[in-house]
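Notes to accompany the following structure.
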Amino acid sequence: MDNKDIANIFLRIADMLEIKNENVFRVRAYRNAAQNIMALARPLKDIHEEDPSLLDNIPGIGKDLKSKIIEMVGTGELGYYDDLMKEFSPGFLEMLNLGGLGPKKIKKLRDELGIENIDALEKACMKGKLADIEGMGARTEEKLLEAIEYFRKKQGRMLLQEADEYADEIVAYLKESGNFKKIEKAGSLRRGRETVGDLDILTTAKDAEKAMEYFVGYFGVDSVIAQGPTKSSVLLKAGHQVDLRVVDDASFGAALVYFTGSQQHNIKIRKLAKNKGYKVNEYGVFLIGKTGKERKIAGKTEQDVYKKLDMEWVPPELREDNGEVEAARDGTLPQDLVQLKDIKGDLHIHSTETDGRATVQESVEAAIRKGYKYIAITDHSKHVKIANGMDDKRILKHTERVRKLNQKTKGIEILMGVEVDILDEGKLDFSDSVLKEMDIVIAAVHSRFSLDLETQTRRILNALDNKYVNILAHPSGRLITTRKPISLDFDRVFKKAAENGVFLEVNTHGERIDLNAANCRRALELGAKVVIGTDSHEVEQLDYMKYGVITARRGWVSRKDVLNTYSFDKMVKALKRA
DNA sequence: GCCGTTTTCGGCCCGACTGTTTTCAGTCG
43 MDNKDIANIF LRIADMLEIK NENVFRVRAY RNAAQNIMAL ARPLKDIHEE
93 DPSLLDNIPG IGKDLKSKII EMVGTGELGY YDDLMKEFSP GFLEMLNLGG
143 LGPKKIKKLR DELGIENIDA LEKACMKGKL ADIEGMGART EEKLLEAIEY
193 FRKKQGRMLL QEADEYADEI VAYLKESGNF KKIEKAGSLR RGRETVGDLD
243 ILTTAKDAEK AMEYFVGYFG VDSVIAQGPT KSSVLLKAGH QVDLRVVDDA
293 SFGAALVYFT GSQQHNIKIR KLAKNKGYKV NEYGVFLIGK TGKERKIAGK
343 TEQDVYKKLD MEWVPPELRE DNGEVEAARD GTLPQDLVQL KDIKGDLHIH
393 STETDGRATV QESVEAAIRK GYKYIAITDH SKHVKIANGM DDKRILKHTE
443 RVRKLNQKTK GIEILMGVEV DILDEGKLDF SDSVLKEMDI VIAAVHSRFS
493 LDLETQTRRI LNALDNKYVN ILAHPSGRLI TTRKPISLDF DRVFKKAAEN
543 GVFLEVNTHG ERIDLNAANC RRALELGAKV VIGTDSHEVE QLDYMKYGVI
593 TARRGWVSRK DVLNTYSFDK MVKALKRA
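Whatever position you read off the first sequence (first residue = 1), add 42 for my numbering.
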């Protein structure tokens with residue numbers, strides 16, 4: 043059982059306890075624990091094997107949940123969960139995924155109408171049966187039928203890049219109206235999560251009511267879920283939800299904190315405020331007087347809000363309740379988180395020589411336009427047949443051409459490199475005699491993703507021991523929507539990378555985002571450094587660098603820990619292995 | 001079920017919108 047499995051079981055338990063009308067704080071404790079487990083970089087199994095008492099350090103895990111975790115990592119099962127599940131028929135809990143339907147109503151539907159799944163619910167709605175139940179009516183049935191339809195055609199979470207593009211289109215539409223003053227993308231998109239569920243947009247407007255009217259009139263809107271004076275929600279035709287909120291200028295900062303989240307982060311700072319005798323909501327920070335009278339003491343900017351709570355301003359990417367609140371109070375937040383403007387070059391780019399769609403020349407020109415000081419051309423090796431990988435003869439010719447282009451190109455350095463396949467047992471797809479001709483060598487797995495943990499780990503470790511390897515590309519091999527990460531002992535790989543001076547890639551290619559944020563943070567803890575590479579196969583993909591930067595920031599990565607923030611000379615020097 | 005710069009017991013973030021209701025419970029973020 044990996045961390046995700048365990049977290050999911052806790053979430054299901056929370057759902058079931060909620061339906062059983064258990065103590066809401068007990069329910070919350072399970073959800074909170076699940077969140078914290080999902081944020082861990084190390085498998086609970088490893089942590090437990092090293093020392094069970096280390097589990098006590100995980101926030102939200104106390105005596106009871108710890109013993110449940112131990113049972114799960116030990117036996118792969120949880121008796122308590124299995125027992126609870128017996129009380130619910132298959133498909134019942136799925137109804138919780140319908141918008142507007144929660145634990146209370148779901149229970150009522152079962153108790154009074156015997157509804158056990160979505161199909162039965164749909165039939166009951168169509169027959170008008172729900173109107174018999176107190177608190178439900180015709181409109182409830184209508185809404186539920188809509189929710190069922192939406193659920194069936196619903197797309198999963200969007201990839202970060204996809205969400206960003208949808209949001210940009212909506213922001214552009216809002217700007218056209220001339221009614222909005224400030225417009226900010228918020229929510230998990232602003233925090234840079236690798237996938238985004240709903241889009242959240244925060245605004246100030248000259249006329250709030252007109253602003254809402256205009257928003258729900260967006261051409262991409264399929265239906266309106268809710269529309270009030272300060273908050274509206276719509277469903278896009280593409281199957282995603284967008285929430286828009288309009289606030290006063292004096293509340294914008296507090297609203298931005300609230301709307302950016304994460305929920306866990308918000309809860310923590312609100313608790314902290316409460317202990318100080320303040321109240322924090324989306325309108326500001328309020329001082330509660332002796333008579334219960336409230337006085338607003340901050341709200342216009344995010345900086346003001348955090349300052350009133352005696353905290354440093356927390357960069358949005360860090361707001362996951364992973365220790366950033368404590369760090370912001372102690373003044374120990376990372377001071378130099380990497381930024382897009384720090385990036386001086388892109389060291390993972392493909393060309394038409396293999397499976398890229400841009401010529402080397404086109405990529406060079408695009409990189410110059412971006413103000414980059416250097417790039418590396420890193421095409422595939424022969425093992426990746428589907429990508430037209432190069433053999434010895436071709437790579438040497440390719441090298442010659444790239445070097446010639448470098449000589450006659452001013453304003454940027456073009457490195458010749460390769461993305462060489464890691465074969466069985468960690469052998470590489472080019473001999474050392476070829477690799478030593480390269481300025482930069484990226485090693486990568488493109489096959490045999492399902493090897494067992496030990497074989498896969500040894501394979502990667504061996505590859506990192508090749509003295510010509512500089513970078514380990516997309517270390518987990520996962521594709522967010524289609525392929526699980528390979529079984530890998532990341533700690534051993536990170537330690538080896540640190541030892542050998544190999545940089546771990548944060549690959550920004552849409553489906554990859556690999557390393558992910560949690561792994562970045564763990565890699566740094568173990569002394570390794572990273573490089574952010576776009577793995578571009580066409581010129582437009584060079585722009586995805588920003589998603590790698592945001593991911594690295596989520597992993598608490600500072601500029602000094604990123605190879606391609608270095609000057610050309612320093613970068614070349616850093617590539618030299620001992 | 002967790003947790004502690006008042007506490008090992010008694011708290012646990014806070015508000016908007018909806019539908020079915022005459023004042024609020026449920027859901028959501």
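Glycine residues also receive a C-beta, built at the ideal position from the N, C-alpha and C atoms.
Check	Outcome
Span of the alpha helix (DSSP H) around phenylalanine 294	294 to 302
Collapsed DSSP secondary structure at leucine 521 in the structure displayed	strand
Status (buried if at least 16 other CB within 10 Å, exposed otherwise) for arginine 232	buried
Where threonine 374 falls, given that 16 or more other Cβ within 10 Å makes a residue buried	exposed
8 Å Cβ cutoff met for glutamate 133 and isoleucine 160	Residue identity check: residue 133 is glycine in the sequence provided, not glutamate. Going by C-beta atoms, glycine 133 is nearer than 8 Å to isoleucine 160.
Beta-carbon gap between leucine 278 and glycine 234 smaller than 8 Å	no
Separation of methionine 613 from isoleucine 243, as counted between CA atoms	39 Å
Assumed close pair tyrosine 208, histidine 282 - CB separation to whole angstroms, cut-off 8 Å	7 Å
Through-space distance from valine 69 to methionine 58, alpha-carbon basis	9 Å
Simplified DSSP state of phenylalanine 257, which is helix, strand or coil	helix
Buried/exposed call for valine 66, threshold 16 Cβ in 10 Å	exposed
Classification of alanine 214 by the beta-carbon crowding that lies within 10 angstroms, buried from 16 upward	exposed
Reference lysine 273; option with closest CA among Gly295, Phe301, Ile111 and Lys415	Phe301
Cβ distance (whole Å) where isoleucine 555 is taken to contact isoleucine 502 below 8 Å	19 Å between Cβ atoms; not a contact.
Valine 487 - DSSP class collapsed to helix/strand/coil	coil
Beta-carbon spacing of leucine 546, leucine 514 below 8 Å	yes
Strand pairing of threonine 420, partner residues [DSSP]	Gly459
Whole runs of the beta strand (DSSP E) within the segment 200 to 264, excluding any shorter than 3 residues	222 to 227 and 241 to 247
Euclidean distance between Cα positions of glutamate 129 and asparagine 323	39 Å
Of the residues Glu553, Arg534 and Glu582, the one placed nearest aspartate 88, counting alpha carbons only	Arg534
Coil, strand or helix - arginine 70 by DSSP	helix
Outcome for aspartate 471 when other beta-carbon atoms lying within 10 angstroms are tallied against a minimum of 16	buried
Beta-carbon gap between lysine 415 and threonine 607 smaller than 8 Å	no
Pairwise C-alpha distance: alanine 539 and proline 358	29 Å
The segment 429 to 446 touching the segment 396 to 403, judged by at least three CB pairs closer than 8 Å	yes
Three-way DSSP call (helix, strand, coil) for valine 367 in this model	helix
Selection from Gly569, Arg564 and Ala594 that minimises the alpha carbon distance to glycine 575	Ala594
Cβ-Cβ distance between tryptophan 598 and arginine 563 below 8 Å	yes
Best match in Asp577, Met168, Ala189 and Lys248 for proximity to valine 548 [C-alpha to C-alpha]	Asp577
Valine 511 - containing alpha helix (DSSP H), residue span	Note, valine 511: premise wrong, no alpha helix (DSSP H); not H, not E.
Three-state class that DSSP yields for lysine 273 in the structure shown	strand
For isoleucine 410, the nearest candidate out of Leu477, Ile391, Lys452 and Leu97 (CA to CA)	Lys452
Backbone secondary structure at glutamate 467 - three-state DSSP	helix
Alanine 560 classed as buried or exposed, judged by whether at least 16 other C-beta atoms fall within 10 angstroms	buried
Cα-Cα separation between leucine 379 and phenylalanine 532, rounded to whole angstroms	23 Å
Through-space distance from valine 289 to glycine 142, alpha-carbon basis	25 Å
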